[in-house]
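Working notes, structure below.
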Amino acid sequence: MNALSAARMDMSILGNSASIRAITKKIGSIARTRAAAMLLGEAGVEKDAVATAIHQLSPRRNAPFLKMSCAAQSEFSLASELFGHERDAFPGAISPRMGLLEYAQGGTLFLDEIGEITPAIQVKLLHALRDGEFRRVGGINKMNADIRLICATSRDLQPAVDPRLFNPDLFYRLSVLPIFIPPLRERKEDIPLLANEFLRRFNEEQGSRLAFTQTALDFLSKFPFPGNVSQLENFVFRAATFATGDEIGEEDFHGVSDSLWATAFPSAAPGAPSPSASIELWSGATASQSSTSAPRLDVADSAPEETDERSDREKLIDAMVEAGWVQARAGRLLGLTPRQIRYALLKHNIPLRKF
Numbered sequence: 000m001n002a003l004s005a006a007r008m009d010m011s012i013l014g015n016s017a018s019i020r021a022i023t024k025k026i027g028s029i030a031r032t033r034a035a036a037m038l039l040g041e042a043g044v045e046k047d048a049v050a051t052a053i054h055q056l057s058p059r060r061n062a063p064f065l066k067m068s069c070a071a072q073s074e075f076s077l078a079s080e081l082f083g084h085e086r087d088a089f090p091g092a093i094s095p096r097m098g099l100l101e102y103a104q105g106g107t108l109f110l111d112e113i114g115e116i117t118p119a120i121q122v123k124l125l126h127a128l129r130d131g132e133f134r135r136v137g138g139i140n141k142m143n144a145d146i147r148l149i150c151a152t153s154r155d156l157q158p159a160v161d162p163r164l165f166n167p168d169l170f171y172r173l174s175v176l177p178i179f180i181p182p183l184r185e186r187k188e189d190i191p192l193l194a195n196e197f198l199r200r201f202n203e204e205q206g207s208r209l210a211f212t213q214t215a216l217d218f219l220s221k222f223p224f225p226g227n228v229s230q231l232e233n234f235v236f237r238a239a240t241f242a243t244g245d246e247i248g249e250e251d252f253h254g255v256s257d258s259l260w261a262t263a264f265p266s267a268a269p270g271a272p273s274p275s276a277s278i279e280l281w282s283g284a285t286a287s288q289s290s291t292s293a294p295r296l297d298v299a300d301s302a303p304e305e306t307d308e309r310s311d312r313e314k315l316i317d318a319m320v321e322a323g324w325v326q327a328r329a330g331r332l333l334g335l336t337p338r339q340i341r342y343a344l345l346k347h348n349i350p351l352r353k354f
């Protein structure tokens with residue numbers, strides 16, 4: 000597969016609407032340059048697919064392409080991950096360690112949620128981009144920084160451009176080539192294409208032959224998807240996992256989440272939260288923020304009744320979806336140890352996602 004074909008395959012996960020086709024053309028132009036690129040858009044719009052496509056079309060395509068999220072990391076941890084550290088740079092640093100800027104030499108480094116880095120890290124990153132060199136944490140020797148930087152953010156950084164919040168020099172250097180990826184609700188024509196692609200992947204992984212009915216695709220196309228492409232992927236996987244026949248119909252999506260469907264159809268659920276409140280909740284909440292409301296799972300060895308079996312299975316899948324299919328995180332949501340969550344997944348025959 001050549002670079003162009005690979006890039007098109009990555010971009011296919013975004014859709015084929017007019018806005019996505021325009022982004023695809025822009026990517027080709029941006030890939031030929033060496034300047035930093037900034038990807039803008041809500042959480043879940045698959046900014047990493049755009050970053051991957053830029054790398055695959057660039058002259059650096061045969062060099063490393065590394066990714067890292069800057070969210071929920073301490074300043075110290077982030078500095079070590081990016082720039083590496085020397086021996087004895089801090090307690091426990093028993094040997095030198097390379098950072099991502101070294102590992103990505105000659106290639107591309109993608110930093111998601113760049114707006115979360117601290118002012119001190121911003122200055123170090125600015126120096127690396129401007130001067131082409133940096134120092135490891137605790138080091139005195141200068142290291143070469145021959146990388147293409149692609150950054151992404153899900154929030155507007157313009158109001159934060161202030162030396163106390165986000166370094167203006169770094170912001171303008173990163174924003175030379177911006178790309179805005181619209182949310183899924185603004186390109187609903189992409190939903191059937193994406194849903195079918197996710198179902199194809201499920202079928203390939205699980206050896207099944209499921210298909211959507213047209214009413215199911217029409218039903219999905221009405222939903223606002225505050226979590227964007229990532230949320231649609233979870234919807235499809237959950238419906239496919241619970242499917243009892245060869246077709247997935249409209250009715251298979253009604254049980255995904257009452258509160259989510261209330262967001263899409265508030266008139267159908269009296270007292271449902273407002274769309275804006277639900278969008279904020281479901282696009283920004285983390286697993287740890289919602290852990291208090293997660294149901295506890297019964298993992299006893301005794302064989303449950305059929306209704307209890309399905310209930311526990313649903314709880315497991317709901318927790319795994321909420322945790323981004325990270326077993327340890329889902330275990331914390333359900334009050335289970337890592338060993339218990341692994342046993343529960345096997346017991347209830349829940350396939351683990353590999354895509």
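In case it helps, numbering that gives the first Met the number 0 puts the sequence shown at residues 0 to 354. Backbone N, C-alpha and C fix where the C-beta goes; we use that ideal spot for every residue, glycine too. Because the structure is a prediction, the values reported are computed rather than measured.
The three-state reading of DSSP puts H84 in strand, counting E and B together. When the Cα atoms are used, E188 and R338 turn out to be separated by approximately 42 Å.
Proximity of the segment 236-246 to the segment 197-204 meets the contact definition, three or more beta-carbon pairs being nearer than 8 Å. Around the beta-carbon of V49, 16 or more other beta-carbon atoms lie within 10 Å, marking it buried. Assignment of V136 by DSSP, reduced to helix, strand and coil, places it in the strand class.
In this structure, the beta-carbon distance from R184 to S16 does not fall below 8 Å.
Nearest to R129 by C-alpha distance, out of D145, D245, G83, is D145. It is roughly 10 Å from the alpha-carbon of P167 to the alpha-carbon of V122.
Contact check for L99 and L125: beta-carbon distance about 16 Å, past the 8 Å limit, so the pair fails to qualify. Distance from the Cα of A215 is smallest, within the candidate group G248, L192, G14, for G248. In the same chain as F133, and ignoring 5 residues on each side of it, the C-beta atoms closer than 8 Å to its own belong to F82, L100, K123, H126, A127, K141, M142, A144, in chain order. A direct Cα-Cα distance of roughly 12 Å separates E232 from W324.
With a beta-carbon spacing of about 4 Å, S229 and G43 fall inside the 8 Å limit used to define contacts. Around the beta carbon of V175, a 10 Å sphere encloses fewer than 16 other beta carbons of the protein chains shown; the residue is thus reported as exposed. Residue state for T107 is assigned as strand, using DSSP reduced to three classes. Taking C-beta atoms under 8 Å as the contact rule, I178 and A36 qualify, at a distance of about 7 Å. K141 sits in a strand when the DSSP states are folded into three classes.
With at least 16 other beta carbons inside 10 angstroms of its own, M319 counts as buried. Beta-bridge pairing by DSSP links M67 to L110. Short of 8 Å from the beta carbon of P63, and not among the five residues preceding or following it, lie these beta carbons of its own chain, in chain order: Y102, A103, Q104, G105, G106, T107.
Here the alpha carbon of L38 sits roughly 19 Å from the alpha carbon of A71. Going by DSSP, I26 is part of the alpha helix (DSSP H) stretching over 17-30. For G330, the CB contacts under 7 Å within the same chain, skipping 5 residues up- and downstream, are T336, P337, Q339, I340 in chain order. Within the model, the alpha-carbon separation for H347 versus Q213 is close to 30 Å. When F211, G138, G91, Y171 are compared, the shortest CA-CA separation from T243 is found for F211. Residue pairing for P177: DSSP places it in a beta bridge opposite M37. Beta-bridge annotation (DSSP): T214 is not paired with any residue. Annotation for M97: G83 place their beta carbon closer than 6 Å to its own, counting only its chain and skipping 5 residues before and after. Residue pairing for F89: DSSP places it in no beta bridge. Sequence-distant partners of I316 (beyond 5 residues in either direction) whose C-beta falls short of 7 Å from its own C-beta, in its chain, are R237, T240, I349. The beta carbon of S220 is closer than 6 Å to those of K187, I190 in its chain, skipping five residues each way along the sequence.
With a cutoff of 8 Å on beta-carbon distance, A21 and S57 are scored as not near each other. Nearest to D111 by alpha-carbon distance, out of M67, R312, N202, is M67. Cβ-Cβ distances below 6 Å link R135 to F82, G83, H84, E85 in the same chain, with the five nearest sequence neighbours on each side left out; the list follows chain order. Per DSSP, T243 lies in no beta strand (DSSP E) and is assigned neither H nor E. Counting along the chain, the unbroken beta strand (DSSP E) around A151 starts and ends at 147-152.
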